[in-house]
Amino acid sequence: MTRRSALLVALAFGAAGLAACSGGESGAPTLVWYTNPDNGGQATLARECTEAADGAYRIETEILPNEADAQREQLVRRLAAGDSSVDLMSLDPPFVAEFANAGYLLAITDPAAVEALTADVLEGPLETAFWEDELVATPFWANTQLLWYRQSVAEEAGVDPAADDLTWDDLIDAAEATDRRIGVQARRYEGYMVWINALVASSGGTIVEDADRGADATPSMASPAGDRAAEVVDRLAHSSAAPGDITTAGEEEARSLFQSDAGGFMVNWPYVYAAAKGEVDSGALDQSVFDDIAWARYPRTDPDRPSAPPLGGINLGIGNFTQHPEEAIDAVGCITSADNNAQYMVESGNPAARAAAYDDPEVRETFPMADLIRESIDEAAPRPITPYYGDVSTSVQRTWHPARSVRSPETPEETDQYMGEVLSGDRLL
Amino acid sequence: MILVTAYPLGYALVLSLYRYRLTDPDGREFVGVQNYVTVLTDPVWWSAASTTATITVISVAVELVLGFAFAWVMFRILRGRSLIRTAILVPYGIVTVVSAFIWRYAFQLDSGFVNQWFGLGDFNWFGERWSSLFVITLSEIWKTTPFISLLLLAGLVQVPEELMEAAKVDGATAWQRLRKVVLPNMKAAIMVAVLFRTLDAWRIFDNPFVMTGGANETETLSFLAYRQNVTLVNLGAGSAVSVLLFATVVLIAFVFIKVFRTDLSQVRGDS
Chain A
0 MTRRSALLVA LAFGAAGLAA CSGGESGAPT LVWYTNPDNG GQATLARECT
50 EAADGAYRIE TEILPNEADA QREQLVRRLA AGDSSVDLMS LDPPFVAEFA
100 NAGYLLAITD PAAVEALTAD VLEGPLETAF WEDELVATPF WANTQLLWYR
150 QSVAEEAGVD PAADDLTWDD LIDAAEATDR RIGVQARRYE GYMVWINALV
200 ASSGGTIVED ADRGADATPS MASPAGDRAA EVVDRLAHSS AAPGDITTAG
250 EEEARSLFQS DAGGFMVNWP YVYAAAKGEV DSGALDQSVF DDIAWARYPR
300 TDPDRPSAPP LGGINLGIGN FTQHPEEAID AVGCITSADN NAQYMVESGN
350 PAARAAAYDD PEVRETFPMA DLIRESIDEA APRPITPYYG DVSTSVQRTW
400 HPARSVRSPE TPEETDQYMG EVLSGDRLL
Chain B
0 MILVTAYPLG YALVLSLYRY RLTDPDGREF VGVQNYVTVL TDPVWWSAAS
50 TTATITVISV AVELVLGFAF AWVMFRILRG RSLIRTAILV PYGIVTVVSA
100 FIWRYAFQLD SGFVNQWFGL GDFNWFGERW SSLFVITLSE IWKTTPFISL
150 LLLAGLVQVP EELMEAAKVD GATAWQRLRK VVLPNMKAAI MVAVLFRTLD
200 AWRIFDNPFV MTGGANETET LSFLAYRQNV TLVNLGAGSA VSVLLFATVV
250 LIAFVFIKVF RTDLSQVRGD S
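Protein sequence lines correspond, in order, to chains A and B. Under numbering that gives the first Met the number 0, the first sequence has 3 at position 4, and the numbering climbs by one with no breaks. Under numbering that gives the first Met the number 0, the second sequence has 79 at position 80, and the numbering climbs by one with no breaks.
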């Protein structure tokens, strides 16, 4: 290729690129929505809300990495640089406080908009949407964990998890008696923090007090609730009910164990039900195993206190540097409407944040446990809401991993000391 | 040089004197050398340093022996030389993060075949520190032995053939020829290979990142710097870790060049 023809080719590509950048058919602003990976449900909502906007704006999606930590990293990098292309973002609830405190999220102050975006939202997720009394993120979908069990195993052990008063001790006894395992998430990652937080909250405690004070918060694991949580982890890790891979197990490892011959019980998100169903359809799982699966509310830590199930999900945040704040608020309202919540729940298996979605006939048909999910989300305990959430969570994960090393009261005391030093900048994470 | 090296290094030095987290801009304050004191008195730093040193020492030692054997094979083989050389060099052509995933899947409990092959049942390789380090180091050796053997091959071809012939005529055994003729004449090549690989191993990141995520005390110094700077956006302490990591790299290079008196010009053929 001569230099002249190369130049012509380069110019042609350049012109094509410019044409692509100009956006084409309409002058409507384009909102870029950074989504966590799913089965395409968010892209569908983006298309539908674009149509519903009737030319007022267009929504395009960009997919973030798989892991929640990696999603946060990419968003922090972009927002710290003042990236105005981040119009909308799917955000894990624990990161909301950090993002809001750093000035990365647009606070929605118009009372009518606040009312529209929060009406009918379940209590658990609603708590994670505010920072310093301002709405900074709108709950899009909410997640919670249930206790999944094999009916045959529960019968053999003589327990009734559906009675909702099953404790972790009962669960371990039942698994030991039937020589089955309990699937949990105890790898050193956020899922382990989810478990520990639920154990502590179910005993009426908190991992950190005055969490909103950030670096000045007070670690509070060394408490009867923290000790009780450590006892549960310690007991399970040293019992025959512990999975062989407890130190490296996440959601999928727990699910795989639960569906195997060693499976008896498991705490996990509702996606496992749809996943098992899908495996039956593809022939990877026996129908009899699927028929044996049942569900109940998250186990109690204390017999006298209702459990505080884990809370997960995704909130929709609006980037503070967006050039289209009004359109973005409108788009959030569309994406998180009760109808779209229901549609997304059916299509992606992710539970709705708005209560009304659970009355949708299709939702009720797809999720026979819909009422239990709604109740669990409503009464779920969020992880600490603090701008220093990463420090809090990693301090807990570091001191509680591996599960077999956990002791009561030593481990909670060690967590408090370590977390305190980390928050004051005297220790590394 | 100023743009790509001096400026980032200078900026990291400045940042390391502050308590500064990207997501808490109001909390920024000058703390002097406090970050360095914190890092150097923290067990997390020393744990990462010991993990890094363990991987470095074991992998470089094993690679040196293996690499020399491969270099010797590549040097001496007469038939199928291209095929053998290509086969030996294949692992080095694989992107490190890809090789890390391959090794992780091979040793993982659910998807791995290693336990099946060796009848190890439910042995969880990534569940404990030493077994994790074993897999990490093994994959490091598999991946980079070709590199060291290439450098050693370059040294081998520089050993004068007439010296070898003379030693043979004088009745020296193969072991004596190796010790008295080959190795002394390859000294510079060996030192360069060891220096390069030591610096490379000291900066190991991908394998622990992919295989264990730093759990069970398998976090290395590069991983620690990454976590402080990128994950926690704790730029003050993170910059201190980065500066100290840079200092250790300089120290290793200095020790190799000065203490072991490596004359790099010999390798370039200037002597």
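Glycine residues also receive a C-beta, built at the ideal position from the N, C-alpha and C atoms. Model, not experiment: these values are computed from the prediction.
Asked	Found
Whole-angstrom distance between Val-96(B) and Phe-125(B), CA atom to CA atom	17 Å
Beta-carbon spacing of Asp-253(B), Tyr-225(B) below 8 Å	First, the amino acid is wrong: residue 253(B) is Phe here, not Asp. Their beta carbons are not under 8 Å apart, which means Phe-253(B) does not touch Tyr-225(B) by this criterion.
Where the beta strand (DSSP E) through Trp-294(A) begins and ends	292 to 295
Contact list for Gly-212(B) against chain A, beta-carbon separation under 9 Å	Arg-186, Arg-187, Tyr-188
Residue environment, Gly-23(A), which counts as buried when at least 16 other CB atoms sit within 10 Å	Because Gly-23(A) carries a pLDDT of 43, less than 50, the predicted location of this residue cannot be relied on, and no value is offered for it.
Proximity below 8 Å, CB of Ala-51(B) to CB of Arg-128(B)	In the sequence on display, residue 51(B) carries Thr and not Ala. It is not a contact, given that the beta carbons lie outside the stated cut-off.
Candidates Gln-396(A), Val-345(A), Leu-371(A), Pro-324(A), of which the one nearest Ser-83(A) by Cα	Pro-324(A)
Short CB-CB distance (under 8 Å) between Thr-177(A) and chain B	no
Rounded straight-line distance, which links the Cα of Val-249(B) to that of Ala-221(A)	44 Å
Validate contact between the segment 157 to 164 of chain A and the segment 376 to 394 of chain A using beta carbons, cut 8 Å, 3 pairs	no
Meets three-Cβ-pair contact criterion under 8 Å: the segment 230 to 248 of chain A and the segment 212 to 221 of chain A	no
Three-state class that DSSP yields for Gly-26(B) in the structure shown	strand
Alpha helix (DSSP H) segments (min. 4 residues) lying fully within the segment 191 to 268 of chain B	205 to 210, 220 to 225, 234 to 253, 263 to 266
Reduced DSSP secondary structure (H/G/I, E/B, other) of Ser-89(A)	strand
C-beta neighbour in chain B for Thr-410(A), strict 8 Å	no
Proximal chain A residues relative to Trp-44(B), where beta-carbon distance stays under 8 Å	Leu-427
Counterpart residues of Thr-60(A) in DSSP-defined beta bridges	Trp-32(A)
Exposed unless 16 or more other CB atoms sit within 10 angstroms - verdict on Arg-180(A)	buried
The segment 50 to 60 of chain A / the segment 338 to 356 of chain A touching (three or more Cβ pairs under 8 Å)	no
Beta-carbon contacts of Ala-174(A) that lie in its chain and below 7 Å, excluding the five residues immediately before and after	Arg-180, Ile-181, Ala-240, Gly-263, Phe-264
Neighbourhood of Arg-426(A) by C-beta distance below 6 Å, restricted to the same chain and skipping five residues each side	Glu-420
Minimum Cβ-Cβ distance from Leu-108(B) to chain A less than 8 Å	yes
Any C-beta of chain B under 8 Å from that of Val-391(A)	no
Beta-carbon neighbours of Val-75(A), restricted to chain B and to distances below 8 Å	Leu-21, Thr-22, Val-232
Whole-angstrom distance between Glu-164(B) and Gly-170(B), CA atom to CA atom	10 Å
Per-residue contacts from Glu-97(A) into chain B (C-beta, under 8 Å)	Thr-22
Exposed unless 16 or more other CB atoms sit within 10 angstroms - verdict on Leu-119(B)	exposed
Asn-34(B) and Ala-239(B) closer than 8 Å at C-beta	yes
Opening and closing residue of the alpha helix (DSSP H) in which Ala-141(A) lies	Per DSSP, Ala-141(A) belongs to no alpha helix (DSSP H); it is in the beta strand (DSSP E), 136 to 143.
Within chain A, the residues that Ala-236(B) reaches when beta carbons sit closer than 8 Å	Gly-424, Leu-427
Cα-Cα separation between Leu-132(B) and Ile-54(B), rounded to whole angstroms	7 Å
Contacting residues, own chain, Cβ-Cβ under 7 Å from Thr-40(B) (five flanking each side not counted)	none
Given Ser-375(A) as reference, the closest of Asp-226(A), Asp-178(A), Arg-296(A) once Cα atoms are compared	Arg-296(A)
Where Phe-74(B) sits in the DSSP three-state scheme	helix
Cβ-based contacts, 7 Å cut-off: residues of the segment 236 to 261 of chain A near chain B	Gly-243, Asp-244, Thr-246, Thr-247, Glu-252, Ser-255
Proximal chain B residues relative to His-400(A), where beta-carbon distance stays under 9 Å	Ala-214, Asn-215
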